[in-house]
Structure formats: C-alpha cells, structure tokens
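Note that the sequence shown ends on residue 384 in our numbering; no numbers are left out. Glycine residues also receive a C-beta, built at the ideal position from the N, C-alpha and C atoms. This structure is a prediction, so every number in the text was calculated from the model and none was measured.
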Amino acid sequence: MVLLAGCALLPATRSEQAAGEPTPTPIPTAQIALKPTYTAQTGEVVKSTKFTGRISPVVEEDLYFRVDGRIRSVFFKRNTTVKKGDVIAELEIDALERDLNAAKLDLERSQVTLDEAKRKLEYDRLVVQKQLELAQIRLEGSEKDKNYTHAEVKAQEKEVEMAQLEVDRLSEGVSPLLTNDVERTQYAVEKLNQQIAEAQIIAPFDGLLLSLSLSPGQAVTAYAPVATLADPSTLEVSANILSDQLQLLAEGMSVTLELASSPGQKLEGEIRRLPYPYGSGGGGQTLEEKDKSTRVTIYASAAEAGFALGDLVNSTAIIERKENVVWVPPQAIRNFNGRRFAVVQDGDVQRRVDVKIGIQAEDRVEIEEGLQAGQTVVGP
Numbered sequence: 005m006v007l008l009a010g011c012a013l014l015p016a017t018r019s020e021q022a023a024g025e026p027t028p029t030p031i032p033t034a035q036i037a038l039k040p041t042y043t044a045q046t047g048e049v050v051k052s053t054k055f056t057g058r059i060s061p062v063v064e065e066d067l068y069f070r071v072d073g074r075i076r077s078v079f080f081k082r083n084t085t086v087k088k089g090d091v092i093a094e095l096e097i098d099a100l101e102r103d104l105n106a107a108k109l110d111l112e113r114s115q116v117t118l119d120e121a122k123r124k125l126e127y128d129r130l131v132v133q134k135q136l137e138l139a140q141i142r143l144e145g146s147e148k149d150k151n152y153t154h155a156e157v158k159a160q161e162k163e164v165e166m167a168q169l170e171v172d173r174l175s176e177g178v179s180p181l182l183t184n185d186v187e188r189t190q191y192a193v194e195k196l197n198q199q200i201a202e203a204q205i206i207a208p209f210d211g212l213l214l215s216l217s218l219s220p221g222q223a224v225t226a227y228a229p230v231a232t233l234a235d236p237s238t239l240e241v242s243a244n245i246l247s248d249q250l251q252l253l254a255e256g257m258s259v260t261l262e263l264a265s266s267p268g269q270k271l272e273g274e275i276r277r278l279p280y281p282y283g284s285g286g287g288g289q290t291l292e293e294k295d296k297s298t299r300v301t302i303y304a305s306a307a308e309a310g311f312a313l314g315d316l317v318n319s320t321a322i323i324e325r326k327e328n329v330v331w332v333p334p335q336a337i338r339n340f341n342g343r344r345f346a347v348v349q350d351g352d353v354q355r356r357v358d359v360k361i362g363i364q365a366e367d368r369v370e371i372e373e374g375l376q377a378g379q380t381v382v383g384p
C-alpha cells in the first residue's frame, strides 16, 4: 500500500499531459488587400451637368383682373382654345355698362351737333365767298364807270372789305366748344371702356387655357393670377435649376435632350434664357421676365421628335469639351493639403508625381501635367 501511494504521487508523463490538454488553433496570416490600378489614357474629356425639365410653351402668360370684384360670367373652360380679343371672364359691371351706354349717347349727340355745325359752316363759306366775288365785280364796274361818284366807289370798296371779313371769320372753323364737347364725351366713353376692360380678362393672343379657376359669384382680388394662357404652337424645355449649376451655364450653350418617354432618342438644343442674375431673364415685371426657370430651345419640331406639352425631359449641358488629352479616373488622383498627386507604378517601385488637372468630368479627369498615356497609376 505504501508503494502504491508513492506511485500515485509521481508526476504525469509528457504523453499523458498531451492527452489531457486541447490543441491550440493556428492564427492565419493576414492578407494584404491589393490596391486598384488605373492606366492613363488619351481621349476626349467632356464636362457636363444634368438637369430635368418639362416641355413648356415658349409664350405663356398669367391672366388677372385689374380691379377687385365678383365674377359675373365665365365664357371658357380650362384646356379650351381662345382667340386674341376673346373675353374669357368678367366681373359684375352692370353699372359701368349703363354709364357707358349713356356716355355713348352723349357722344353721338355732340358728334351730330358738331357735324351739323361743320355742314352749315361749309355752306356759309360758299355764300360769303360768292358775296365777296360779287362785291369785287361791282367795285371794278364802279371804278370804270364815270357815272359813279367818288363816294359810291368808296362804298363799293367797303362792301368788298365787309365780304372779306366775313370770309376770314368763317375760315376760323366751327366753335371750339363744339369740338370740346365731342372730345369730352369721347374721353368719358374711353374711360368707361377702360374700366370695363379692367374688370374683364381678355385673351392677349391666340392660345390654350392651361389653367382657369373661376366661377360666377366668386370674389377675386386685383392682379391675383386666375388663369394661364399659352401658345402651344411653339414649345421648348423649361427647367428649375439649382444655383450651383446655373453658375456653370451660359445662354447659347449646347444641350443634349432625351425624352423620358423615349429613352435613347437624343435631341439637340441650346439654352435660350437663364434667370436673373445668371442670364437675361427674371428681372422685370412681365410673366416672362419674372420667370425663374431656365429655357432651352429644341432644334427639332414637336411633329418631328414626337414630344408634347408636359413631357418630362432629361437634359445634359456641355460645359467644356477637349479631345486628344491624357485622362485618368477621378479616383486615381489623390489630394493632401491642397496638393494633387498620383502614385505611379514603375516596375516594383511606386513613386509620387504631382499633377496639374484640367477638365473634371464625372468619370474622367484631364491631366495637363505630370502623367503620360500608358502609365499605371495606383489608387488609394
């Protein structure tokens, strides 16, 4: 028993220890990620900006009343065609119409009085002219006839003078008061016509009513737009562009257009107008001058290209274009504290090269200095 107890106190052998402990898992060697590489190429670099717009009429105008009031009549509906001069809607103008009828009667009466005075004046002119001629004949006869005394000749001379005075008086025309009466009544009629026109919406040109929100009895405020009239015969693209894009654009710049309804079909055009202060629009009082949208002319007609009012258009404006230049993708260029450089792979050696860039497009950057076509650039 003593021997067995002593054996139990002996240390375990190496094999026995190995059998009782778990085997450790080896840690794999970390793999180093390969950095992307790019090849400097020669080709075209195009800087552009994209924006979305809709097909809109070139000529479009908001319509409004020039006085406050209530709607009496609406003669057209939305999406209907009107002719220039058509009365689209009018306010309650019954009192003005009565005043206008009375003013027209006054004008007619004063005009008739003036016309009669002119006819009478013309007749009187003929009469006194004949009387003058007759007096001159008598004077000539008395001067040649020895039987007439000196006093009789003098009397004939006075007859001629009196006839001449009458001719001169009638040559002054009708009484200015009669002319003034006509002008006064004409002014009254014109003023009432103007007041009625201010209480009406009259079509300024042939066109289509894009919007019209009026109904009889409705109260309206002066100069508040209540309708929009457009000429659908000439269409263009209208787009609302952010200021950072507007800074890159210029009137007359070429634009490539693609209808959302016809992907792949390219149309050409140019920027006709930019809003103030970037271009000639958006700084005046008319609807066109107040318009803050960018307007793009389409070279093709609606019949040729198949677009219609309201169609969505994706536009790309070409800001700058260069051909046969060295370029790399934007991600190949690094920037550290304002220093632009690229890492060039020369065999097994990598070296930094300062670069001067030109046009910066979405997918490529022009390299003016620092790289040559064919060189391999290591990305970050």
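Beta carbon of Q135 nearer than 7 Å to that of S146 | As a first step, residue 135 must be located in the sequence shown, where it is residue number 131. As a first step, residue 146 must be located in the sequence shown, where it is residue number 142. No. Outside cutoff.
Spatial distance of E308 from F80 (CA atoms) = Along the sequence shown, read from residue 1 onward, the residue named residue 308 stands at position 304. Along the sequence shown, read from residue 1 onward, the residue named residue 80 stands at position 76. It is roughly 31 Å from the alpha-carbon of E308 to the alpha-carbon of F80.
What do you reckon, are the CB atoms on G54 and T320 nearer than 7 Å?
-> Reading the sequence shown from its first residue, position 50 is the one you call residue 54. Reading the sequence shown from its first residue, position 316 is the one you call residue 320. According to the sequence displayed, residue 54 carries Lys and not Gly. Yes; because the gap between Cβ atoms is below 7 Å, this pair is in contact.
What three-state label does DSSP hand Y42 in the structure shown?
-> Counted from its first residue, the sequence shown places residue 42 at position 38. Here Y42 sits in strand by DSSP.
Are the stretch 121-136 and the stretch 235-248 touching, with three or more C-beta to C-beta distances below 8 Å?
-> Because the criterion of three Cβ pairs below 8 Å is not met, the stretch 121-136 and the stretch 235-248 do not touch.
If you drop the 5 nearest sequence neighbours on each side, which residues of the same chain put their C-beta closer than 8 Å to that of Q354?
-> The residue you call residue 354 lines up with position 350 of the sequence shown. Contacts found: V347, V348, V382.
Cβ-based neighbour list, A121, same chain, cut-off 8 Å, excluding 5 preceding and 5 following = On the sequence shown, residue 121 is found 117 positions in, with the first residue counted as 1. Excluding residues up to 5 positions away in sequence, V178, S179, L182 lie with their Cβ nearer than 8 Å to the Cβ of A121 in the same chain.
Enumerate in chain order the residues of its own chain whose CB-to-CB distance from D248 is below 6 Å, with the five nearest sequence positions on each side excluded.
-> Along the sequence shown, read from residue 1 onward, the residue named residue 248 stands at position 244. Apart from sequence neighbours up to five positions away, no residue of its chain approaches D248 with a beta-carbon distance below 6 Å.
C-alpha gap between G221 and G285, whole angstroms | Your numbering for residue 221 matches position 217 in the sequence shown. Your numbering for residue 285 matches position 281 in the sequence shown. Taking the straight line joining both Cα atoms gives about 37 Å.
For E272, I'd like the list of residues in its chain whose CB is within less than 6 Å of its CB, leaving aside the five on either flank, ordered along the chain.
-> Residue mapping note: residue 272 aligns to position 268 of the sequence shown, counting from 1. Around E272: Y303.
Give a yes or no on contact between the stretch 110-119 and the stretch 184-202, applying the rule of three or more CB pairs nearer than 8 Å.
-> Touching, yes.
Burial state of D315 (16 or more Cβ within 10 Å) | Position 311 of the sequence shown, counted from the start, is the residue given in the question as residue 315. Buried, by the Cβ-count rule.
Delimiting residues of the alpha helix (DSSP H) encompassing Q379 | Position 375 of the sequence shown, counted from the start, is the residue given in the question as residue 379. Careful: Q379 lies outside any alpha helix (DSSP H) and carries neither H nor E.
Simplified DSSP state of T320, which is helix, strand or coil = Taking the first residue of the sequence shown as 1, we reach residue 320 at position 316. Look at T320 here: in three-state DSSP terms it is strand.
Which residue comes first and which comes last in the alpha helix (DSSP H) that contains P236?
-> The residue labelled residue 236 in the question sits at position 232 within the sequence shown. Segment 231-243 is the beta strand (DSSP E) holding P236; no alpha helix (DSSP H) there.
For A309, the first and last residue of its enclosing alpha helix (DSSP H) = In the sequence shown, counting from the first residue as 1, residue 309 sits at position 305. Looking at the DSSP string, the run of the alpha helix (DSSP H) that includes A309 is 306-309.
What first and last residue would you give for the beta strand (DSSP E) that runs through S114?
-> Here residue 114 refers to the residue found at position 110 when the sequence shown is read from its first residue. If you look at S114, you'll find it isn't in any beta strand (DSSP E); it sits in the alpha helix (DSSP H) that goes 98-148.
Would you decide whether T84 is buried or exposed? Buried here means 16 or more other CB atoms lie within 10 Å of its CB.
-> What you label residue 84 is simply residue 80 of the sequence shown in a count that begins at 1. In summary, T84 is exposed, with fewer than 16 beta-carbon neighbours lying within 10 Å of its beta-carbon over all protein chains present.
Could you check the C-alpha separation between V369 and G256 for me, to the nearest Å?
-> Mapped onto the sequence shown, residue 369 falls at position 365. Mapped onto the sequence shown, residue 256 falls at position 252. One C-alpha to the other measures close to 25 Å.
Supposed close pair I337, I363 - CB separation, criterion 8 Å = Taking the sequence shown and counting its residues from 1, the one referred to as residue 337 is at position 333. Taking the sequence shown and counting its residues from 1, the one referred to as residue 363 is at position 359. Contact between I337 and I363 is ruled out by a C-beta separation of about 13 Å, above the 8 Å threshold.
Would you be able to state if there are at least three C-beta pairs under 8 Å between the stretch 257-272 and the stretch 223-238?
-> No contact exists between the stretch 223-238 and the stretch 257-272.
Have a look at E2 and V164 and give me their C-alpha separation to the nearest angstrom.
-> Since the first residue shown for the chain is 5 and the last is 384, residue 2 is missing from the structure and cannot be characterised.
Inter-residue Cα distance where the pair is F345 and R299 | Taking the first residue of the sequence shown as 1, we reach residue 345 at position 341. Taking the first residue of the sequence shown as 1, we reach residue 299 at position 295. Per the coordinates, the alpha-carbon of F345 lies some 40 Å from the alpha-carbon of R299.
So who's on the other strand from T345, going by DSSP bridges?
-> The residue given as residue 345 occupies position 341 in the sequence shown. Note on residue identity: the sequence assigns Phe, not Thr, to residue 345. Answer is R338, D358.
What are the boundary residues of the beta strand (DSSP E) that includes Q204?
-> Counting from one through the sequence shown, the residue named residue 204 turns up at place 200. In the DSSP assignment, Q204 falls within the beta strand (DSSP E) that extends over 204-206.
Count the other C-beta atoms from every protein chain shown that fall within 10 angstroms of the C-beta of T43, then say buried if there are 16 or more, exposed otherwise.
-> The residue you call residue 43 lines up with position 39 of the sequence shown. By the neighbour-count criterion, in which 16 or more other beta carbons inside 10 Å mark a residue as buried, T43 falls on the exposed side.
Hey, L196 and L213: beta-carbon distance below 7 Å or not?
-> On the sequence shown, residue 196 is found 192 positions in, with the first residue counted as 1. On the sequence shown, residue 213 is found 209 positions in, with the first residue counted as 1. Result no, Cβ atoms of L196 and L213 do not sit closer than 7 Å.
Is R70 near E96, with beta carbons less than 7 Å apart?
-> By 1-based counting over the sequence shown, the position of residue 70 is 66. By 1-based counting over the sequence shown, the position of residue 96 is 92. Contact flag unset, no.
DSSP beta-bridge partners of R277 | Translated into the one-based positions of the sequence shown, residue 277 becomes position 273. The partner list for R277 (beta bridge, DSSP) reads R299.
Tell me whether the beta-carbon of L100 lies closer than 7 Å to the beta-carbon of I200.
-> Stepping through the sequence shown from its first residue, residue 100 is reached at position 96. Stepping through the sequence shown from its first residue, residue 200 is reached at position 196. I200 is positioned such that its CB atom lies closer than 7 Å to that of L100.
Give the DSSP-derived three-state secondary structure of E20 in the structure shown.
-> To locate residue 20, count along the sequence shown from 1; it is residue 16. Below a pLDDT of 50, predicted positions are generally treated as unreliable, and E20, at 49, falls in that range; no measurement from the model is reported.
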